[in-house]
Amino acid sequence: MRISPLIAAALLLVSSSMSPASAQVDVSDPKAAMDSMTGAARGDFDVVGLNEAQKTAVKANLEAVAIADKQLADLKAQSARLRQQAEALNESRRPALTATEIGADLNAWRARLLDDVNIDALERLLAQERAAVTRFRERIDTDSDEVAAELSRPGQMLDVLADLRQRAGEIEGDPVMEDGEPPALYESRRLRRNAEHRLLLAEIELRETEDQTAGNRLRQLEAGIQQTRRALSLHEPRIAWLNQRIAQLSEKRLRQQLDELDARAASLRGAGGPAAEIAASNAHMARSILDDTRALAKDRGMLGEYEQASQRVGGLLRDTQARLNLGGGAMFGHWLWQQRLNTPSTHTLALRRKDVQAKLSELKLTRYSLGEQRRQNVEVVMHGGDAGVSAELAALQARGNQLIEQLDPILDRRIQALRRVDELLADLERRGGELRALMERELLWVPSHGAIDAQWIAELPRELADGLRNFHIGTIARLLGRDVVKSPITYGLIVLVFAGLLWLRRRIPEQMDAIASQVRNVYRDNFLLTVKAFGLTILMALPLPVTFWLLGYMLQSLGAGVVPDIEALGQALLVLAGMGWVLGLMRALIMPNGLADAHMNWSRARLRNLRAAWRIGAAILLPMAFVGLWALFRQVDQAVVVHARLAIILLSLGLGGLSWRLLRRAELWRGRDRRLRLMLNASLPLCFVAVAVLAGVGFVYSSSLLLNAILASLTVLLLVQVIHSLLLRWLLLGERALAIKQLDRGDEVVDVESGERHDESGSAIELVDVSAQSRRMVNLLRMVLIIIGLLWAWSDLLPALFRFEGVNLWYYTSKSADGGSVQNAVTLLDVLAGLFVLVLTLSLARNLPGLTEMVLSRQQHIGASMRYTITTLLRYGVVIVGTLSAFSLFGLRWSQLQWMAAALTVGLGFGLQEIFANFVSGLILLTERPFRVGDVITIDGITGTVTRIRTRATTVQDFENKELIIPNKTFITGQVTNWTLSDNVTRLTIPVGVAYGSPVEKVHELLLKAGREHPRVMSEPPPRTWFLAFGASSLDFELRVFVANMGDRLDTTSELHGTIAATFAAHGIEIAFPQMDVHLRDVPPGVERGATAPDMGGTPGMA
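Read in order, the letters of the sequence shown are residues -23 to -1, 1 to 1080 in mature numbering (1 follows the signal peptide of the UniProt record, and there is no 0).
So this is what it looks like as C-alpha cells:
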C-alpha cells in the first residue's frame, strides 16, 4: 500500500519527534516545518497501522494546515499594511475655498476658453463638467459611507474581539490523544489545532490594529472628502456659467432667426397659397426653438437644484445614522426636528415628479411629430423639380427641414435633462422617506423643543398676531381667481357636485323617517332597509368633508412651490376633511330616526347626550385642529413652538373635559358596557391631559402624534361599533331565517327495529349553539377589527415602537442559500406577534363553526352533513396553520421540531396509540364519508342517528333518545350498515303464514293487491311475493315492498298488516297459527304394569 507525500510527512514528523534529530526541525515556523517534512517524504513509504479513513483524516488535517498558513500570511500582510498607512498619513488639511478663490479660479478657467467658441463646443464642455461633478459627488458619498462605518465600528469591534478571544482560548494548547489513536493521526490533529490557533491570534492582531488606526483612517477619509469638496466647489460654478453662456448665445442667435422668418412670413402673407402657409409654419417652428431653448436652460437649472438637494438629503441621512450610532446627545431631539423641517415634502416631490413626467411625455410626442413632418418635407423637396412645385416652395420646405434638424437636438437635451430630474426626484422620495422614518422613530422619545417658560408666555400675543398675517387671504383670492378663469368647467362641476350633495342632505331625513317606519314593522323588516339607511347616513355626512377636501386640494396645488403657507393651508384642510367626515357621520348617525335610533336601538338618553356632546366637540375640534395642522405643515419652527403647541394644549384639555363629562353619565351604557365605561372614564381624560403636559414640557411633535392617534382610535371604535351593530342585526335576521328553514324542512327518522318515529332537524348544530357561536364570532370579528384599526391609528408611532425589534430574546440557527449556518434573532416583537397569532387561532377554532354553519345553511345544495364536514376540516386547518405560523415567529423550524416529532411518535406508538388511532379514524370518516351527520346506521347491533363526528369519537343517538359515544376506530375496523347512505329508499318484508289447504295462487294475488294499492308503497321497484317454505303449521309467504322514506316504515307495516288480515278474512283464507295434534292410543292387552313394551326399545327380561 502507498501513501501520499503529505501523510508521509506526518509519519516522518512523528518518527522525528521520537529521536534527538527532531530538534533540528523548527516547528515554530509552519512553512519551514512543512517544507522540511514534505521534502523528506517525497519517496514512497509503507504505512503500517492506518486504515483508509485514518489516512483520509490525516490528509484533510494537513491540507487544512496549509490553507491556514496561507491565510495567516495574508492577515499579517494586512496588519503590516495598516500600520504603514497609519505612519505615512499626512494629516495636513486644506481649508475650504472662499468665494474670492472660487471666483478667481472661474475667471482663470474662462480666460483659457476662446472668445468665439461655438455652442456645440460649449455643450461638449458642459457634458464633461457634469461628468466630473457626478464623479466627485459619488466619491463624496462613498467616503461619507466609510466615515459612518468607521464611527459605528468601535462598538461592533468589541463584540468581534471578545468572540475571537473566546474561540482562541478554547483551542489553545495541544489536543488530548484519544484511546487507540495512531500517532500520525494525533500529530496531524495537533498541527491543525495549532495552525487554527495561530490564525485566530493573527486575526485578533489585525482587528486590534484596525481599532488602533481607526482614528488615522477617519482623518484620512475626512481629508479626502474635504479635498473632493474643494474640487467640486470649483466645477459647480463652471456648470452654472456654461448654462448661462449657452442660453445667452442661443437667445441672441435664435432671436435673429425668428425675426428673419417672421419677416419672410409677413411678406408672403398677402399673396396666400402654400408658400405663405409654409413660411408661417417655419416662423412658428423658429419660435418653438426659441421657447424650447429657454425651457432647456430652466430644466438644467432645475437639474442642478435637485442634484444638490439629493446630495444634501443623502448626507443628512448618513449624518443622522451616525449620530444615532454615537448615542445622540442633549440637543439631539431639537437637531432632529430642525432636520425634519428641512426635509423636502413628499407631497411636493410627488407633484413635481408628476409634472416632469407629463413634460417628458409631451416632448416625446413632439419629437415623434417632428419625424412625421420631416418625412413630408423631404417628399416635397424631392419633387422640387416638378412643374407643380415651385423653387420658392421647395426652398421654404428645405428651410423647414433645417429648423426641424435644429429643434431635434434641443428636444433631446431637454428629454435627457428631465429624465435625470425624474430619477433625482425618485431618489429624493426614497431617501426622504427613509430619513423621515428614521427621524420619526427617534423623535417620539426625545423632546423636540424647550419647555414653556416666561419668555414663551410673553411672546405669545405677538406670535399669534403674526400667525394671522400669514394666512395670505388676498394671495389666495388672486390665485383662485386665476385658476377659475383658467379652468371654468372644472370649478363649475365642483359647484354642481356640492349643490347636489346639499340637496340630498335636505331630502335624506324624509327617507330615513320612511325607512324607520318600515323597520318597526316586523313583517316588513329586512336587512336591505338597514343597508339603505347606512348608505344614506354616509351621503348625509359628505357635504362638509367634500368642501374641506376640494378647497384643500386647490390650495395645495396652487401653493405648491409658490407660497409655502398656502400649500400648508391646503394640507391642513385635506387632513381636516377626514375629521369633518367623522363628525358628519356621527351627526347623521344620532339624528332622530337615524341608524342608531331605528336600527341599532340606542336608548333615547344616550342619543340625547351624544347630540349635546357633538355640538361641543365640533366647536372645539375643528378650529383647534385646523390651527395646529396648519402650524405643523408650515414647517416653520416658531409656528410649531407657539401655534401648534397652543392648539394641542387647548384641544387636549377641551376633549379631556368633554370625555370626562360624557363618560360619567351612566345612561349612556347598558349591560356589560358599564365595565368599559369605568375603564374609559378613568383612562381617556388622563390620556388627553398627558398629551397637554407633554406638549408643555417640550414633546410637541410627540404630543401631536399621540393626539392624532387617540382621535383616530376613537374614530375606529365608533366605526367598529357601527359595523358590530349592523352585523348583530344581520345575524338576528339570519337566525330567524335559519329557524324557519329548519321548521320547514321537518325531516324525520324512524327506528328500523321498532318503527318509532323521531324528529331530526338535519342540522349539525342546534339553533341555540348557532346563535351563541355566531355571536361569539361577531364579537371576535369586532375585536379583530379593533386591533387592525388601532394598528392603523397608531401607525405613525409604530416606527418608534420598533425599538422592541432590537430586544433579542434568543437565537436560532438556519441554513443560508449557500448551505452555511446563519444565526437569526427572535425579538420581543416576534414573541408578541406569535402570542397574538396563537390567541387569534384559538378564538377562530372555537367560534368559526357557528358562523360557517349559518353561512352554509343558506346554500340549498349543501346538506347538513357536508356543512358539518366543512366546518370540522376548516377548524383543523385553522389550528394547524395558526400553530405553525406562531412557532415560526418563535424561531422554531422543522429542523428543531423533528426530534420532538420523533419522540411524540414513539409515545403515540405506546401510550397514546388508541387516541391517535381514533383521531386518524375521525379524519378518515370526515374525508371518505361512509356515513354523515343525520344518517341512520347500525353497528355492533346498535342502530341510531349520527349526530356528531368528533376527533376521537362519534355520537349516535338511538331511538330511545340515548346518546352513545362510539370510538372512531370501531367504524373503521368493524362492519357498519348505513340505511341512508345513497338514498332513503328501504325495503319492508311482511311475513304471512296461511293454513294448509289454502289456495296458493289466491294468496299471491291478494298479497300483491294489498301492496300495490297502498299509497306509500313505491311502484318501482314493484311489490313482490314469495312462497318460501312449508312450515310446521303454515304455508310461509313473504310480501316485499319498498317505501321512499325511513319515516314511512312503521305506518306502512301497520297498515299492510291490517289490509292483509281483512282481505284474507273476506276470502276465507285462514291465517295460520302454531298448533299441535295429540294422538292417544290404548295399551295392548296382556302387557303387564312394569313390563317394557317391545316398541319402547326396552330390554327383555327386565322387571
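Ideal Cβ positions, reconstructed from N, Cα and C, are used throughout, including at glycine.
Do you know how far the Cα of Arg222 is from the Cα of Ile381? For the pair Ile381 and Arg222, the Cα-to-Cα distance works out to about 23 angstroms.
Any idea what DSSP makes of residue 1163, helix, strand or coil? It is not possible to answer for residue 1163, since the shown part of the chain is limited to -23 through 1080.
Look at Phe603 and Gln548 and say whether their C-beta atoms are less than 8 angstroms apart. Against a cut-off of 8 angstroms, the Cβ pair of Gln548 and Phe603 comes out as no contact.
What is the residue span of the beta strand (DSSP E) that Asn193 lies within? DSSP places Asn193 in no beta strand (DSSP E) but in the uninterrupted alpha helix (DSSP H) bounded by 191 to 246.
DSSP state of Val333 mapped onto helix, strand, coil: Three-state result, Val333: helix.
I want to see whether chain B comes within less than 8 angstroms of Gly766, judged by CB atoms only; does it? Chain labels in this structure do not include chain B; a single protein chain is all it has.
Opposing strand residues paired with Leu965 [DSSP bridges]: DSSP lists Val1018 as partners of Leu965.
Could you compute how far the alpha carbon of Glu544 sits from the alpha carbon of Asn801? A direct Cα-to-Cα measurement between Glu544 and Asn801 gives close to 46 angstroms.
Under DSSP, the alpha helix (DSSP H) around Trp526 begins and ends at which residues? For Trp526, the enclosing alpha helix (DSSP H) begins and ends at 520 to 536.
Three or more C-beta pairs below 8 angstroms linking the stretch 513 to 525 and the stretch 551 to 560: The answer is yes - the stretch 551 to 560 touches the stretch 513 to 525, with three or more Cβ pairs under 8 angstroms.
Beta bridge counterpart(s) of Thr186 as assigned by DSSP: Its beta-bridge partners do not exist; DSSP assigns none.
What are the boundary residues of the alpha helix (DSSP H) that Arg397 is part of? Counting along the chain, the alpha helix (DSSP H) containing Arg397 begins and ends at 368 to 420.
In DSSP terms, what Pro944 is bridged to: DSSP lists Ala930 as partners of Pro944.
Ile857 in three-state terms, based on DSSP: In the three-state scheme derived from DSSP, where H, G and I count as helix and E and B as strand, Ile857 is classed as helix.
Have a look at Leu682 and Leu774 and give me their C-alpha separation to the nearest angstrom. Taking the straight line from one Cα to the other gives about 7 angstroms.
If I'm right that Leu370 touches Ile255 with Cβ under 8 angstroms, what's the distance once you round it to whole angstroms? Confirmed, Cβ separation roughly 7 angstroms.
Straight-line gap, Ala104 to Thr77 (C-alpha atoms, nearest Å): Inter-residue distance for Ala104 and Thr77 is about 26 angstroms (C-alpha atoms, whole angstroms).
Grab the span of the beta strand (DSSP E) containing Asn955 for me, first residue to last. Unbroken beta strand (DSSP E) run through Asn955: 953 to 955.
Let's see if you can read the secondary structure: which residues bound the beta strand (DSSP E) around Trp1003? Note, Trp1003: beta strand (DSSP E), 1001 to 1007.
Report the partner residues of Gly921 according to the DSSP bridge assignment. Per DSSP, the beta bridge partners of Gly921 are Ile914, Asp935.
On a CA-only basis, which of Gly571, Ala987, Val962 is nearest Gly1035? Give me that one, please. Taking only the C-alpha atoms, the option nearest Gly1035 is Ala987.
Any idea what DSSP makes of Asp140, helix, strand or coil? Correct three-state label for Asp140: helix.
Is it true that the stretch 994 to 1009 meets the stretch 944 to 952, where meeting means three or more beta-carbon pairs spaced less than 8 angstroms apart? Because the criterion of three Cβ pairs below 8 angstroms is not met, the stretch 994 to 1009 and the stretch 944 to 952 do not touch.
Does the pairing of the stretch 661 to 669 with the stretch 626 to 637 give three or more beta-carbon distances under 8 angstroms? Here the stretch 661 to 669 lies against the stretch 626 to 637, with 3 or more beta-carbon pairs under 8 angstroms apart.
Note down, in chain order, each residue of its chain lying with its Cβ closer than 6 angstroms to the Cβ of Phe1050, except the 5 sequence neighbours on either side. Nothing meets the Cβ criterion.
Sequence-distant residues of its chain with Cβ nearer than 8 angstroms to Ala252 (five each side left out): Once the five neighbours on either side are set aside, the close Cβ partners of Ala252 are Leu245, Ser367, Glu369, Leu370, Leu373.
Decide yes or no for the touch test of the stretch 1025 to 1034 against the stretch 985 to 1004: beta carbon pairs closer than 8 angstroms, at least 3 of them. Judged by pairs of C-beta atoms under 8 angstroms, the stretch 1025 to 1034 touches the stretch 985 to 1004, as three or more such pairs exist.
Does the Cβ-Cβ distance between Glu180 and Leu141 come in under 8 angstroms? Yes. Within cutoff.
Residue of Val977, Arg107, Arg497, Gln31 minimising C-alpha distance to His212: Taking only the C-alpha atoms, the option nearest His212 is Arg107.
The alpha helix (DSSP H) enclosing Gly868, as first and last residue numbers: Looking at the DSSP string, Gly868 is not in any alpha helix (DSSP H), and its letter there is neither H nor E.
Contact defined as beta carbons within less than 8 angstroms: I believe Ala34 pairs with Leu178. What is the distance between those atoms, to the nearest angstrom? At roughly 25 angstroms, the Cβ-Cβ gap does not stay under 8 angstroms, so Ala34 and Leu178 are not in contact.
Which residue marks the beginning of the alpha helix (DSSP H) containing residue 1148, and which one marks its end? This structure cannot settle anything about residue 1148, because the visible part of the chain is limited to -23 through 1080.
Taking only three categories from DSSP, how would you classify Gly477? Three-state DSSP puts Gly477 in a helix.
Taking the C-alpha atoms as reference points, what is the distance between Asp97 and Leu384? The alpha-carbon atoms of Asp97 and Leu384 are separated by roughly 14 angstroms.
Could you tell me the distance, in whole angstroms, from the CA atom of Val814 to the CA atom of Leu805? Between the alpha carbons of Val814 and Leu805 lies a gap of roughly 14 angstroms.
May I ask you to verify whether the stretch 79 to 93 touches the stretch 145 to 155, counting CB pairs closer than 8 angstroms and requiring at least 3? With the cut-off at 8 angstroms, the stretch 79 to 93 and the stretch 145 to 155 do not touch.
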